[in-house]
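Remember, my numbering sits 211 above the position in the sequence shown when you count from 1.
Backbone N, C-alpha and C fix where the C-beta goes; we use that ideal spot for every residue, glycine too.
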Amino acid sequence: AGFRPAVNAGVSVSRVGSAAQTKAMKKVAGKIKLELAQFAELEAFSQFASDLDKATQNQLARGQRLREILKQPQNSPRSLPEQVAVIYSGINGYLDDIPLEKVTKFISGLLDYLNNSKPKFGEIINTERVLTDDAQTVLKEGITEYKQTFLVSA
């Protein structure tokens with residue numbers, strides 16, 4: 212109700228959209244579009260189901276987190292490296308054990324951490340426009356390091 216996601220897989224003009232995307236964004240965005248479409252179907256179905264198995268509950272929880280990461284304040288666009296980092300953390304399960312109400316705070320802190328402690332990630336993405344193995348390694352390290360401190364303080 213009132214939620215308008217930045218990526219709506221059901222009505223997305225994929226051919227035009229993907230032509231305008233960098234390779235780094237294509238790599239992470241393809242999976243989020245699929246997961247959000249499956250989540251929307253599952254969410255509608257789950258309203259009528261009384262008991263859901265663990266896998267379904269996990270898929271719904273991830274979908275809620277993916278929807279949450281797409282929200283951002285008006286007039287505060289994210290850079291390409293920030294977008295890639297946020298979507299990557301969502302689709303690869305790094306947010307699965309973060310409470311839903313703390314996802315926005317986690318993402319904000321993660322982006323600060325990456326910008327300050329892992330500037331190499333942003334440099335690679337901005338220069339190469341591709342999520343290289345090096346960039347992915349730096350990103351995984353950054354997410355893991357920040358997540359440890361976040362979970363202790365949360």
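- As summarised for the region 250 to 274, there are no continuous alpha helix (DSSP H) elements at least 4 residues long confined to that stretch.
- Between the region 326 to 339 and the region 265 to 285 there are fewer than three inter-stretch CB-CB distances shorter than 8 Å, so the stretches are not counted as touching.
- In the displayed model, Gly-353 falls within a helix according to three-state DSSP.
- Secondary structure note for Asp-323: its alpha helix (DSSP H) is the uninterrupted segment 314 to 328.
- Shown here, Asp-345 sits in a helix according to DSSP, grouped into three states.
- Judged by beta-carbon spacing, Pro-292 lies within the 9 Å limit of Phe-332, meaning their Cβ atoms are closer than that value.
- Put simply, of Gln-359, Lys-237 and Leu-311 the residue whose alpha carbon is nearest the alpha carbon of Asn-269 is Leu-311.
- Taking all protein chains in view, the Cβ of Ala-235 is crowded by 16 or more other Cβ atoms within 10 Å, so the residue is classified as buried.
- Rounded to the nearest angstrom, the gap between the Cα atoms of Ala-251 and Val-349 is 32 Å.
- Straight across, the Cα-Cα distance linking Ala-230 with Asp-308 is about 34 Å.
- Straight-line measurement puts the Cα of Val-363 at about 24 Å from the Cα of Gln-347.
- Spanning the alpha carbons of Arg-273 and Asp-323 requires a straight line of approximately 23 Å.
- Taking a C-beta distance under 9 Å as the contact criterion, Leu-271 and Leu-247 do not qualify as a contact pair.
- Take the alpha-carbon of Leu-277 and the one of Ser-300: they are about 9 Å apart.
- Per DSSP, Leu-291 is one residue of the alpha helix (DSSP H) stretching across 291 to 302.
- Excluding residues up to 5 positions away in sequence, Ile-335 lie with their Cβ nearer than 7 Å to the Cβ of Asp-345 in the same chain.
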